[in-house]
Structures are given as C-alpha cells and as structure tokens.
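Let me begin by presenting the structure, written as structure tokens, before commenting on it.
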Amino acid sequence: MPYLYNTAEDQTAMLAAIGVASLDELFAMIPAELRLKRELDIPPALTEIELTDHMTQLAAKNAHAGSKVCFLGGGSYDHFVPAVVDEIAGRGEFYTSYTPYQAEVSQGNLQVVFEYQTLIARLTGLDVSNASLYDGGSAAAEAVLMAVSSTGRYGKVVVPASLHPEYRQTIATYLLNLGVELVTVGTPSGVVNPKDLAAAVDDTTACILIQQPNFFGCIEDADALAKIAHDAGALVVAAFDPISLGLLKRPGDWGADIAIAEGHTLGTPMQYGGPYLGIMACREKLVRRMPGRIAGQTVDRRGKRCFVLTMQTREQHIRREKATSNVCTNQGLFALRATIYLALLGPEGLRETANLCLQKSRYAAERLCENKRFEPAFDAPTLKEFVIRDRQGRVDELLADALDAGFLAGVPLGQWYPELDDCFLVAVTEKRTKQEIDALVHALAKSQHPAATEPVYAK
Amino acid sequence: MPYLYNTAEDQTAMLAAIGVASLDELFAMIPAELRLKRELDIPPALTEIELTDHMTQLAAKNAHAGSKVCFLGGGSYDHFVPAVVDEIAGRGEFYTSYTPYQAEVSQGNLQVVFEYQTLIARLTGLDVSNASLYDGGSAAAEAVLMAVSSTGRYGKVVVPASLHPEYRQTIATYLLNLGVELVTVGTPSGVVNPKDLAAAVDDTTACILIQQPNFFGCIEDADALAKIAHDAGALVVAAFDPISLGLLKRPGDWGADIAIAEGHTLGTPMQYGGPYLGIMACREKLVRRMPGRIAGQTVDRRGKRCFVLTMQTREQHIRREKATSNVCTNQGLFALRATIYLALLGPEGLRETANLCLQKSRYAAERLCENKRFEPAFDAPTLKEFVIRDRQGRVDELLADALDAGFLAGVPLGQWYPELDDCFLVAVTEKRTKQEIDALVHALAKSQHPAATEPVYAK
Amino acid sequence: MRNSRDTKLLFELSDKGCRAHRLPKCDVPERSVAELLPNSALADWPPALPELSEPQVVRHFANLSQLNMSVDTHFYPLGSCTMKYNPKRNERIARMPGFAELHPHQPEETLQGMLQLLYELQQYLQEISGLDTCSLQPAAGAHGELTALLVAAAYFRDLGEKRTKVLVPDSAHGTNPASATMAGFDSVTVKTLPSGSVDMDDLRAKLDDQIAVFMITNPNTVGIFEPNMSEIADAVHARGGLVYLDGANMNAILGIARPGDFGADMQHYNPHKTFSGPHGGGGPGAGPICVINKLAPYLPTPVVVRERSEVRGQRSEKDTDTSAPTSDLRPPTPSFRYRLDYDRPKSIGRVRAFFGNTGVLVRAYSYIRTHGPDGLRRVSENAVLNANYLLSRVKHFLPVPQGDRCMHEFVASAAKLKAEKGVSAMDLAKRLLDYGFHAPTVYFPLTVKEAIMVEPTETESKQTLDAFAETLFRVIEEDAGLLHDAPHTTPISRPDEVQAARQPVLVWPE
Amino acid sequence: MRNSRDTKLLFELSDKGCRAHRLPKCDVPERSVAELLPNSALADWPPALPELSEPQVVRHFANLSQLNMSVDTHFYPLGSCTMKYNPKRNERIARMPGFAELHPHQPEETLQGMLQLLYELQQYLQEISGLDTCSLQPAAGAHGELTALLVAAAYFRDLGEKRTKVLVPDSAHGTNPASATMAGFDSVTVKTLPSGSVDMDDLRAKLDDQIAVFMITNPNTVGIFEPNMSEIADAVHARGGLVYLDGANMNAILGIARPGDFGADMQHYNPHKTFSGPHGGGGPGAGPICVINKLAPYLPTPVVVRERSEVRGQRSEKDTDTSAPTSDLRPPTPSFRYRLDYDRPKSIGRVRAFFGNTGVLVRAYSYIRTHGPDGLRRVSENAVLNANYLLSRVKHFLPVPQGDRCMHEFVASAAKLKAEKGVSAMDLAKRLLDYGFHAPTVYFPLTVKEAIMVEPTETESKQTLDAFAETLFRVIEEDAGLLHDAPHTTPISRPDEVQAARQPVLVWPE
Ligand SMILES: Cc1ncc(COP(=O)(O)O)c(C=O)c1O
Ligand SMILES: Cc1ncc(COP(=O)(O)O)c(C=O)c1O
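Taken in sequence, the protein lines are chains A, B, C and D.
Its first residue numbered 5, the first sequence is counted upward by one per residue in the numbering used here.
Its first residue numbered 5, the second sequence is counted upward by one per residue in the numbering used here.
Its first residue numbered 11, the third sequence is counted upward by one per residue in the numbering used here.
Its first residue numbered 11, the fourth sequence is counted upward by one per residue in the numbering used here.
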C-alpha cells in the first residue's frame, strides 16, 4: 500500500511497545461474533498504472463539454475556468487542510473566507455572507428554514413553478416533517404573475423564494414580487446566478432579505453536478439565524489584525440540537475558487462575461427561431438561457440527432413539466462562439424524420 | 494585457517621477533610424479563452501516446509518470524560481540538487554528478570534450555505430572546429566487436563512448570494451538508460570514467523530445573538468548544515573563455522530477520497472517473429527495445498500416542506417500490457499488400 | 521569507483599472443591454469587486497558502477528522475531462462510464457497511445524517407509526442532535460513562415506544468500540426503533467489522475522511448512506441501477435491485447498461440539486480500487496500530481516562495538568504549533474534561509519532507562562475571539 | 510553521522496506533475468536508492519548496534574468496530451499541429528579430551562442576564409567568451566604458581580418542601448566579420527595435526570459537563433518547412524557403502541410538529440499569441518604464554610474558605501532577503565595482517598486553590523562557501 508508512520492523516494534502480540489482538475490544470472518467482496487492488488506465477507460465512456459542444444549462453551466484558479486551488496547503479551527496555522484559509464573504456581500448587496453551504439546492432549503425560524411563521412557504424544480423538491424534502406547507404558484407565462403570487401569500407565509433569472432563463419582475411579500410581513429569499450580477440589479437592491445561489459558475468545473458551492447572504438582522460557518476579523495578542471563525454559538458543535443548522463540513475549496475567480475578473470582467452570455444567447434564440419548427416558449426577456418549443413535439429525437452531430443541445423540460414536454432549455455561455451557435442551428435544422411531415401538433 | 500591472494612472505618475513626457521618450537612447516604424507583423492578441481554444485545436491535430499505443523508442520512451511528480514539480516555489544564487532563499532547490547528485552517483557507481545538462545528446558531446581536455589527447574520439545516431551527430558538430577526429566503428552484428574497437583505439585516442544498452537495444560486452580503452590510456564514456540500471551493472562498475544519459525517463513526459534531462557523472579525479553546476554541503554562520553552489571556478561566469563549458541555464526542473521519481520508486521499484520492460519486450519480440515475415535483426540480447527486420522490406507501408490500426509501432532505421532500411526499432515499457502487445502483433500481421506476395527480398 | 505585502486583503491591493481576466470580443451582432433587458432589472453600477493583475492574484494566494498547515506539509492529528494523506493520483484522475467536464443534465447514453463508476461505488459501500442499499446523494456526513433520519421518518409514517424521539449519546458529534432537530424529531440525550460507552441504565430509562432512531457513533468519539453494541441494538429494535451509525470513524473497522453485522440499520460515510477525499480547508465532503432493505424505498432519487440490455435504447428487462449480490462485482461486461432510477414512489425526494458530490465520489472509488479487500483491512489495522502506539507513549505523562487501548484515536485529558499547573488543553495545543505539529482536536468530546483528541491515521510513520510524543512530553515540562502565550513562531498568536464575536467584523467595508 | 523533520535528506528519511510506487504484476510469461541477459552485464544488487512512502515523499518536497523564494511568491529583481510572471495558462496548455505526450520519432502526419506551431514560431521570431531564418534547436541561450558561432565558422570555412577571433566586450555575460572557446575560436576581450558602451578605440585596435564574429549584448548588461551600434556593425562588417547579438535583453525592445535592423547578422533568444518560460530553479530554457539569409544554409537540421499540398502523402511542390514573407502569417489553411527538412547539405548538423526544447517553445508561442504586436510592444514599454522608475528612486541614495536613464534594467554601485561604511553589495543583497525581496544580481557585470543589477520586469506594480526602493533606502541606513550578519530571518544565513569549495561534499555518503 503506497500510503502506509510503517514497515514490518516498525510494526513489530510498535506492537511490542503497546504490549500486544499481534495486529489482531488490537481489535480485541470488538466482540468476536461481530467481526467479519471473510475478506470484503470488492475487486483486488490496482497499482497507479492500472488505476490510471482503468479510470481513463471509464472516462472515455463519457461524452463531455470538451468532446461535444455544450449548450446545457438549468443550474449548471459550461463557463470558462481560468488556469490560475486550478493552479492556486491545487496547492496542497489549501486543499489538504481542514476547517480552520487553529487560527494561528490557518490564516490563509481564514483570510480567504473573509475575502469571500466580502465579495459575496458586495455581489448581493446584502450585509453578510457565510463561508458556504453544500450547493444551490440545499442552500435554498436552508434559507427557507431560516426564514421560517426567524419569522416564527410555521404556516407556509411560497415558491413559483419558475424556480429550479430540483430546488423546489429539496425544499419540499426539508419541510417534510416540520408541518410547514410548500405552496407552488404556477407560471404559465414563464414568469410569476404578481396577482397569482399575491393570492398565495398571507400572514402565515414565512417567505417567498424568487429565482432571478428564473429556471426558464426569464427575468422576473422581482421588485414587484418582493413588495407583495414584504407587505404581507413575509421575508424574500432570492435565488440568483452570480454571473448575471454583472448586469442585473443585486438581490439586496430589489428587496431580498436572504440571497442564495449555486456558485460553481465562479471557477468550479461542472463535474456532473458536484461538489459545488452553496452561496448564502443575508441582512444584518438575520445573521444570528444564518447556518454555516462565518469568519470574522479581530486582533491577536500582539494587536495584529487576523481572522477567526466566529459567532459559533449558532453552530451544531456548540448549540447541538438548538443549532441553526447541522452543517459542518461545507464547500471551502469552492469558496476559495470563487474568490480567485472574482479577483481575476473584477467588475469589468464580470460585466463582460454576463454581457457575452446575454448577446450570444439572444443571438442563438433568434437564429433558432428562424426555423419555423421552433418558437420561443415564453415572451419574457432572458439573459443566459431560454426555452424553445419544438412545434413538432419531437424533442427527444431532435436532441438525439443533435448529439450525434456533436452537440449537447439542450435540456428537455418534460421530465419536470409535463405541460412543457415539447420544450427544451438552451444555455449559451461566454465560451460558445458564433461558429458553434450557427453549427447548432444547422444541426437542428437537419433533424428530419419521416413523421416530421405530420400536421403541426396542436397545443 | 493580463500580466501588466501598471494602470494608466500609475504610468503617468511614474513618467513624471522619471522626468519624461511619454513612454516613447524613454526609448530616446535608441537612435531614431534604428527604431521599428511599424507594428510587428504577427497575429493579434488572443484572450485566455481564445488561446486555450486555439491550442486545443492544434493539439488535436497531433496523435500522441494517449491516443495511439506507443511502441516508439530510440532515446525517448513512454514510461509512466506518477501523479506525485507532476504535483510537486508544479509548485510555483520550484518552477518559478531561478538558479539558486542566493543560498539563503534557495535551500529547497539546493538540497534537491544535492539529493539528485547523490542519487545519480549511486545509480552510476561513480563519485560525483553535476546538477544536469541539456539532454543526452549534448551531454555526450560535453563528456567527449571533457575527456579530450583531461587526457590532453587531441587525436581522436572513437564511437561505435551502435551509439544513438543523433548523439553521434551532436558529437561531430561539437568537434567540428577542434581538430579532433571522430572515428566510428561499425557494428554489423548490432554490437561492438572488441577486435574492431581495438583496431580503432590508439594512444592518440581521448576516449571511447559506449552506449549500454545500445541504440538497437542490445547489450554490449561493456567490460571488455572498457578494458581495451583503458589499456590504450583512453577514457571510457558510458551512455546509459537510467531505467536499465534496475537490472544492469552500473557504468562505474564496468569501467566507465564518465557516464552520461538521457534522463527524461525519470519522470518527465516525452513532449516531442524536450526539454529533457542531461545526466552526467564522473570519477572524483575528473570533477574539476566537469561542465555545469554542482551543489555542495557546508554550514552556515550558525553552524547549521546547508547547501550551496560550489566549485564555480570551473564555470563560465567566473572563468569565462577558460571555463570547462559555456553551460549556464541547465535543466533543474527535470533534475527535480528525477529526484522525486527515484524517491517514489526506490530500489525495488526501479528493479521491477526494468524487469517489466525486459519481460514484455522479449515477449513482444518473440510473438512478432512467430510471423515468418519478421525476424530479429540481431542475435545479441536486448532489454527494453529491439530491432525487427521486415523480410518484405516494406517498413513504411507496414508502419503506416499499424498507425491506421492505432499503433505507433516502431521507428524505421533507414533514416540513419541505409543498410537497415528494412528494419524498425520497437520499444516496450512497463506501461504496455500483454493485450496491447498481442493487438500489435495482430495488426502487423494484417498489413497485407498485393505486392506482398513477391519473392522474399534477398539480403 | 514571509511576504506580508502581498497578503494584504484583495481589497487593499486593488488598483483601479487593473484587470487580470479579459474576455473575447463579442462575435455576434451586439445590441445595447437596455434594448435586451428591462431597465428595472438592471444594476446601475457593476459590483464593487477588487481590480488586480494576474501576477498580483497569484502572489497573493500563493503567499496566503503558506500561512496554512496542511496534511501535505505537517502532521495533522486532528481527532475525529481522519486527516490522512490525500493521494495525488486521485486528484489527477478527478481532473480528467471525462469526469470533470460532465454536465449534470447530460443524457444517460453519454454518461455510461460515470454511471458505472457510481453504480459500483454503491455496491462497494454496501459491502463495506454490510447494509443493503446505498444513496450517494448527500453532500457531507451531517447531510447524510439528516437524509437518513428523513428516510426513517418516511418509513414510520408509512407504517402509520408516530415516533418523535431520536436518542443521541452525550459524547456524540454536534451534528447528530442538530440533524435530529432538522428532521423534525426531538433529540434526547443519553449519558455515556467515562469510558465513552453508553450508560445502559440511562438508555433503558429513555427507551420507549416514542423512539424512532438511536444514533450511535461506533467506534465512538473517544475511540473505543461500544462494548454493549449488540445489547443496545437489540434493545432499540425491541422497541421498534432503528439504529443509525455515525460512520465518521469507519477508518477503524474497514474489513474488520461491518455496521450491518453489529446491528445498524443505516449509516453514513465520510469519504473525505475514510476514503481520503481532501478536506479542502473546510470541504467538499460527501455523505453517502447505506440502509437495510426495508428502508430502501424511501431513499432519495435518483439511484443508479444496472440493466442487462444488448441494444442501446431498446426496452430492456429492468433490475431495480441495486443491491445485487456483491459477488457480481467482476469488471462489468459491455452487455450492461446503467440508468438513473427516478421511479421510486415512496422516496423522500431530493436533499440537494443534481446527483451528488460526484468529484468526491470519484476519489473514493479510486481509493477503494487502489486498496482492494486486503488493502482496506490494512488501512484500519495500521490506523489502529498508530493510535495505540501513540497512546502507549502518551499515557505515561498525560492521563487517558478511557484506559490503555483504543481504536483509531484516543482522548487524553489535561484536567490534572490544569489543576496542578494551570496549563489547559488549549495551551498544549497552541504550543505544539511552535514545533511544527498541527494540534489535536481539543474540548471534544464534551464528556471528557480538557479533552485532547488524537487521531494519527495510518499514513503517518513511527518516526513521526515518536517525534510527536517526545514533543508533547517536552511541552508539558515547559514553563506555564511560555505555554499561556504560545504559539510564538506562527504568523499570529491567540486571536481575540471575544472581540470577534462581540463586535463582529464579517466583511471589509467598501 | 517550518517543519524541519521532513526536510531531512531523503537518505536520512529512508526506512528500509518502505515503498511508494508499486508496479503491476507481469502479465506476460515471466522468465528469470539470468536466462534473458548475460550474467556479466547484470548488477549484483539494486542501486542504493532511498526507501520512502508516498506521503513522506510529498511532505518532504512540499516543505522543501517553501524554503525557496520564487516569482510566484516574491519580487525577484534579478538583473539579466528577466524574472517576469510565468502565465499559468501556458502551463495548462503545455500539459495537454496533444503536446506533452508526443514522441520525437512520430511520423510527420501525426504531428501536423505541433509542426504548424513550430513553423509559425519560427516566423514570429524572425519577424521580431528582423532576421531571415530561424533554428529552434538550441536548448538555452548559451547553446544558441555556440550554435550560431559554429554556423559562422561553417560559413567562413565555406568561403575558404580562416578567421580565428571572436571579440567580446568585457561587460558581456560569461557564456559569450566560453561559447567562443567551445566553437574553436580565440576569444578577445574588448573594453567598455563606465557607461557600459563599447570603447571604440579599443575595438578599432582589435579589429583585423582575423575577426570572425563580434558578440554584442544590446541593450547591454548595464541596461543601456549601445550608442555606437551602427558604427560598430559597420566596422565589423567592413572587416568581413559578422555581428552576433546576445538576445538575453530582448525584453527591452520587442516591437521597438529589431537586431536585424541595427546591424546584427545573428542572435539568440532566451524564451525562458523574454517569453516567460518558467526558470524551473535552473532550467529548462531554450535558445532559438535567427540569422541572415547567407547563413541559413549552415543552420542545424532539421528546420520546419511548409508545403502547399492537397492530398496527404502525395508528392508536392516544395518551398524550402522558411522565411516566407511574414504577411503570410494568417491562420494557415488546411491546404498546408508541415515537414521537417533534413536535406540541408551545408548544415553544421545537430547540437543535441531530437527537435529542441519544445515544451519551452510551446509556452513561448502561447505568450506571443497572447500579446500580439501591440502587447509585445507594451511589454517592453512597461519593462523599461518600471526600470527607469526604480532607477529614478534609487539613484538618490545609491550611485548609478551609467546615469539617469536605462532600458529594462540598471546597475547601481555600492562602491562608495563599501568605502565609507564597509557595507558591500553582498551585504545589501542579503539584508533585502529579510524584508521579503529576492536580491538583485550582484558583482555582474564585472566592469562595475560592487555592482547591483536590478531588473524589475513589466509584471511588477508601482506599489512593489516603491516598497522595494523604500526598503533599499532603509537598509542602507541600517547599522553595518546588522548587514554583515544578514539575513536574520531566513532558514540559513551566510553559508561557508570556502569550506564548501575546499573540502567538497558533493554527495551524501552511503
Ligand atoms: C463523529 C462525527 N460525526 C459527524 C461528522 C459530520 O460530518 P461532516 O463534517 O462531513 O458533515 C463529523 C465531522 O467532523 C464527525 O467527526
Ligand atoms: C546576458 C546573458 N547572455 C547569455 C545568457 C545565457 O543564457 P542561458 O542561461 O539561457 O544559457 C544569460 C543568462 O543568464 C545572460 O544573462
């Protein structure tokens, strides 16, 4: 075993020092009848050469954003990761250290967390950020729990259908045993109709959760929706896309009390959905209800500025069953990556990235809809992704053909929205070129099947 | 420009401090008529996204050892590079530092060089090693110059045809203007015939250079050849393959006074032939003639053990035209990689690696020659690579077919040895599996062309 | 060689007009943003991010990194955290585009390699735990706890049983009671004895028909194997309750004993501990859970299933049984197809978006494949050997209440030292830093006074353990004053935590 | 946080029986080595390499690395070395398997991407130098010098001229005279004035028909542009000699002035300086050379040529002219094919095995493509701006003999300080280390007493330059004793170099 240090000689010496005759004797405190009498039934050991070979073969069985042109979105995006992010986050002093419990030998990590919190606060227009949560979905659920406990309203939580369906499912699961009702407001037009929301919100409502831009890529009338909630004394939780804040109003500026996001888009690769970065920020007054770790600035005994984990009385290791959350290990490495990423882009870089997504995605949408077969599913303006309706209703066929042509062309929506089973979601990041977009348009146009001459399927 | 720091404001302030009106004025000391009046005619700047894209496309136009099964040898080999080597050598403190001139802030590099020198001395069975040279070829030439100057024999240098032809060419180029004759002893049998060597060596001979195993992969009778040289008062230079020393007698033990090698096989990828690692070791008495940097152990002012560059009076920056060589920048990063690699393998790991090369290459040779079309070109035993004769003399056709079948099957020898234009060199490293070897045998058997039915071409 | 200039805050280093990352020109017809997006949604100014050059960014973070201790640079015997070596080969593998650049919504046909890996990992984890079915979805150990408790709740709801209580030993990690609360249960504390084992009388007193789950950490947090494990499990089961195993300490029993065999009905793993996933300075982790068959229907969706199917796409006889006999683990033949099964009507749903912390799972898979059956057993043997060896050296000068033996870790107490010399566990921890050792975990578990929890892991050498023991001895002999002010050689010393909490400064002002 | 245990020598850390890297079982029928190889060729025992575990290896080298200053961590104003930032994007690119895993003997059809890159790089280097043809083969600057001098020798031999002398200014880098000797020439030293410019009288005195080559560094090693450049070139050419330009200082004149335009017939580049190739703690480098047309036939083989050819393989009209008009640099169309041209009868042959230090050249190509024409010019503008700014600040307290202006670097002198206060250039250099700055180059060039050669490069900020200048000022004011013993905060201080040279210990004893 390449990772075991002790040699046979060492082992003998150590056993002697302990005063046992054998390794086996070390396990004497495990009752014999509870011991495993056989070897584990798992495959035999592989050397590094064999393992690398085996994993290379497994990897080769996957298509990926490097081998196909990726237009997939829906909460995960093929944004560019600058080389600096990989190089710095690949330094052992960062990725092989633990949560910074010993401040004296963790100032690197602690300062990064403090810088991260500041960046997130500035991004969101809110007062404070925590050190990270698991991902966007669980962050949404934590935000809802936070709203419930801080408002003391155990009645209901209102979310629109335009919220990421997996976020909605996660919230539902978290609320399962807490007796809080999860109300979903329909969004047939692709965005929340303020009237529908107003009808759903009342004085038992702990919060609403608005995603901006929403799951369909559409821009919600966030200010109006926030006002409805606030008028009812409910809190407003925003789910945002960090990249979009290069152009869009900050959640704190349109009324969000708590803002959460999936932060992988800030320098972390897609890696099949995780590990990602759960971002959470909130207003000052809510900070003592906030889950997760928080770093703060202080001075050491020599009066030197330094950073520590603080406000730990919220946390499980102190408050146990009364903690604001059970979260312990979070996503520190990706908070680091986000910090590096934002430091590299700066305000202009973030603006340009958002603008390229906007320009290219809108170009793609128009070009696609030059084809009579396709139409935009919704009228609302979009930023980075958009929903296309296939008037022939043959989405699976279409996407399969596109795949064969070398494109991960879109995410079919039927799996979450039966009424949208003739629709798919297309995302265009700053990495995509005009050439790639035009090629996609061409490939989708080529997808023709005998039955395709049928009368246009009626809605 | 992402790497420029100074902002417009900074620039203005700095120009003012200097007392010039413009950047242009800074170049006043360059006579106007010598200035370039136009822009350079090179392509416009690319952003990181565009550059990465462009380079990915260029890389995609190359086949490589990851996309084809590589059986190529002849001085560069597809050995496995453990991940630890990449990770450590990828640390900025190592790869972005300069030659360790300031010992106080370079102990990391200096200790690595000292460890490297010790490892090379132990590998070669010689007393001392330098800190590295450019590559195996130029190291061979430097060794020859070293032999000439230390023997004071400006008559001739004797090398066999079984020496790597590009090493021989390099030596010839280095000797061009020094009036030293380069004599090449033929090796029709694939190894040096002691009689032929004896006939070529006399008391004007500065040294012989023996490659073990030689360019054809064959084992030379090194002891006998070394004796011939020593009896004539000539020095013996050995060119060795570090991996082979897991099994073979160390150069110092068969009589080499100077040993050189291409060291990329110790943890550095093939990267199309460079940058590589020129290894050089020699006997104590020759050390003051050795080119290149050398680190030595000493103590600091507090008596603490430490390491410094030493014996610099050999070097160009002190001795200038009287230096032992002009080498300045060497291959430090690959000396580091070799040090890590050898530390990971240890004696057993090196032995097993060499043995796997031996076993697999011999298996491959036998399986190939089960096909009547092929025969071993030479009888001498081989370790990692071997020469196969295509009795149909259609080597190019054969290798082209193998390439289409997914194999980099061998190196045709005709380019250097017209008499061997029906032969090719096949190397098998520890990375190759039985499955891959069998597949190669199968692929070569399938290479059939109409003319292939011709009478077997006579030698 | 410290460089304090470049470790100023990003915001202090910011220089207006600097720019590291530049973007390509827009290659499609560009229109004004105002034309494309409603004004009401637009920001008036871009967010106030710092402005830096690329060299400055690199130098800033490279220098910051050197202010951390880490497993790659220092012995890190942080109890309960299993700070073992993180294999570099796994990092290289996880970076392969075929793993790192997969989009979570890709069609299954394009994910067969990844799904195969995940399917096989489910099998391995089931086999190692002795439990029947696995969910890879949870993002960390605590998340696994919550998920398993939600599964238990769904199970009892299905049975029509109203059970409100989750029993948690006082020596348990804080995430246990916190998870119980989040899952909607009342967390009831059960006493443990000084040895760390469960106080059976207290347990019996608190066991009733309201019990849903008993959460036990075994080996427990003082590093011993619960002596009454079977009794406890029987008692809980007799009341119709479920036994949950906190698997944070699995590093002690891989291939030695299986939770499923000693009474657990569910467990989580911490692959970032047991299976060497790097801790990343505070994550990522993963928290896969395994459960017995009767709980399987309630697991989160999706799970990975394997089908025998020759022709791609073609309808094929399904085998939802994800707990295929593990003898079935021979390298799968091309005649298998891997699918994500969403069709699980009784499932609790999701506990996060997307499949799971796949990047961590890829490393765990690589780790398990690297070791094989024999290797995993030897991991635990050596983890336990190292811990007992260190215990045998330390106990002579620092009392270890639990006694002379431990599993993968032990908990010493500085209570006596505190009383006699005024030197606390914290003082010892801080002083160790001066000698180039990371500190053990202190003040956990709460049941041991002045607790010093030491977990060396199997990847450390006898030489290192000896050096650590000698240093600890030396430190104890040192003058108390020296220790109170320790550390003396680190970038900072004894930050004022009270001020940090009283007047919190959580962001740098604009 | 230093960890001195794990930075013991590998040989001290070695523990018999340890093993990090394991190899697969032999999967072919295995035979005894004795059966396969002659006994006389076999070793009796394996080489005495240290035996270590993987975690130990990582911790050893990770800690060693932290004992280095580097560009990634510190300001590194080492004169004549152009320690600029090494872009991370280039490292990532060079690691792509399509570049890193190419075998040097692959057939050309499998190398079209690499050959295209190398061909285009030849073109760029020609354009930047204003010379006609390029060889990418040399492995470093000094190697380029040697190669160019061998080319010159072959040229004169071909002309039937016997020229024996190479003139080298006394301020030149040591590699210049050393290369002259290796190429078989007599190196003759030409004096320079305090300003660093060539002493024209001495030059004229030494110019005769024996001159083969005049080697000039311009901008020279004191960082000024040779005022008599044209005169010098004309004088040398008038005698039938060739002018060689040492291109180590190209960072000052990219897109500003071209050696070919100011009289050079040949030059080398140091891509590891000018084009940001990382120095690797002492290499790798590369030393591509460019020459005028009449010298082209003598360049080493092979060079990369481009052919117009539609059908692969098919015989095609060749264009050996590697100096195609650079306007030809538009992204090449698929109708080009790239070949290695070995058919160069007058070539000097080879100066190394294989094509060249390709890995370094890939980075140089990336660097040039990243900057483009405007960017390269701005690199030099800012390199010169930074140097002059620092000069303007330093000259007030440290004399700069060359005067008030410089190009990319300047040379100050501590001679006065030495005389008045007994503080040497070395003392200043050592003390700077305590403040987290790498030292400038000292005692080079030899023509300036107590030389302190400062090259900030363009990738440093005004803030850093200000901090450096202020520190230097502060250091000069400090007590001499403090400086004599400096540095005080580094891992070691003032190693005994005399002992190192007198009783050399060059290897660790077995
Ligand atoms: C005993 C124990 N249980 C549970 C946890 C929580 O695991 P995680 O941090 O992965 O959420 C930990 C981690 O510290 C632990 O030590
Ligand atoms: C002026 C000058 N010439 C030549 C060289 C030699 O270049 P290299 O070190 O790449 O061989 C150097 C490098 O230090 C130099 O500074």
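Heads up, the beta-carbon is just placed ideally off N, CA and C, and yes, glycines get one too.
Residue i lies in the beta strand (DSSP E); which residues open and close that run?
{"i": "D351/C", "result": "F346 to D351"}
{"i": "R268/D", "result": "Looking at the DSSP string, R268/D is not in any beta strand (DSSP E), and its letter there is neither H nor E."}
{"i": "R8/C", "result": "For residue 8/C there is no data in the structure shown, the boundaries of chain C being 11 and 520."}
{"i": "D82/B", "result": "Where D82/B is concerned, there is no enclosing beta strand (DSSP E), given that its DSSP letter is neither H nor E."}
{"i": "V372/D", "result": "Run containing V372/D: none in the beta strand (DSSP E); it sits in the alpha helix (DSSP H), T368 to V404."}
{"i": "I214/B", "result": "T209 to Q216"}
{"i": "Q196/D", "result": "The identity of residue 196/D in the sequence shown is Asp, whereas the question assumes Gln. It spans D196 to V200 - the beta strand (DSSP E) in which D196/D sits, taken as one unbroken run."}
{"i": "K65/A", "result": "Per DSSP, K65/A belongs to no beta strand (DSSP E) and is neither H nor E."}
{"i": "P380/B", "result": "F378 to P380"}
{"i": "K175/D", "result": "K175 to P179"}
{"i": "P164/B", "result": "K160 to P164"}
{"i": "M284/B", "result": "G282 to C286"}
Could you check where the alpha helix (DSSP H) with residue i kicks off and where it finishes?
{"i": "H70/C", "result": "E64 to S75"}
{"i": "L19/B", "result": "A12 to I22"}
{"i": "M150/A", "result": "G140 to T155"}
{"i": "D28/A", "result": "L27 to L30"}
Taking all protein chains shown into account, do 16 or more other C-beta atoms lie within 10 angstroms of the C-beta of residue i, making it buried, or fewer, making it exposed?
{"i": "R362/D", "result": "buried"}
{"i": "Y352/D", "result": "exposed"}
{"i": "T328/B", "result": "buried"}
{"i": "A12/B", "result": "exposed"}
{"i": "T528/C", "result": "With chain C represented from 11 up to 520, any question about residue 528/C goes unanswered, as that position is not in the structure."}
{"i": "E327/C", "result": "Only weak support exists for where E327/C lies, its pLDDT of 41 falling under 50; the coordinates are left without a value."}
{"i": "G542/D", "result": "Chain D is shown only over 11 to 520; residue 542/D falls outside these bounds and no answer can be derived."}
- contact_flag[the stretch 145-154 of chain B, the stretch 365-373 of chain B] where n(CB pairs < 8 Å) is 3 or more: Between the stretch 145-154 of chain B and the stretch 365-373 of chain B there are fewer than three C-beta pairs closer than 8 Å, too few to call the two in contact.
- Which residue spans inside the stretch 210-282 of chain D form an unbroken alpha helix (DSSP H) run of at least 4? DSSP runs (the alpha helix (DSSP H)) wholly in the stretch 210-282 of chain D: 210-216 and 239-248.
- Hey, which unbroken runs of the alpha helix (DSSP H) at 4 residues or more fall wholly within the stretch 303-330 of chain B? Those alpha helix (DSSP H) runs which fall completely within the stretch 303-330 of chain B and span 4+ residues are 320-323.
- Query: Is it a yes or a no for the stretch 243-251 of chain C touching the stretch 205-220 of chain C, going by three-plus beta-carbon pairs under 8 Å?
  - Reply: Yes, they touch.
- Message: As an exercise, report each continuous alpha helix (DSSP H) stretch of at least 4 residues that is fully enclosed by the stretch 418-491 of chain D, in chain order.
- Response: Unbroken alpha helix (DSSP H) stretches of 4 residues or longer found wholly inside the stretch 418-491 of chain D: 425-431, 435-444 and 472-487, given in chain order.
- Query: With a cut-off of 8 Å, do at least 3 Cβ pairs link the stretch 439-448 of chain C to the stretch 493-509 of chain C?
  - Reply: Yes, the stretch 439-448 of chain C is in contact with the stretch 493-509 of chain C.
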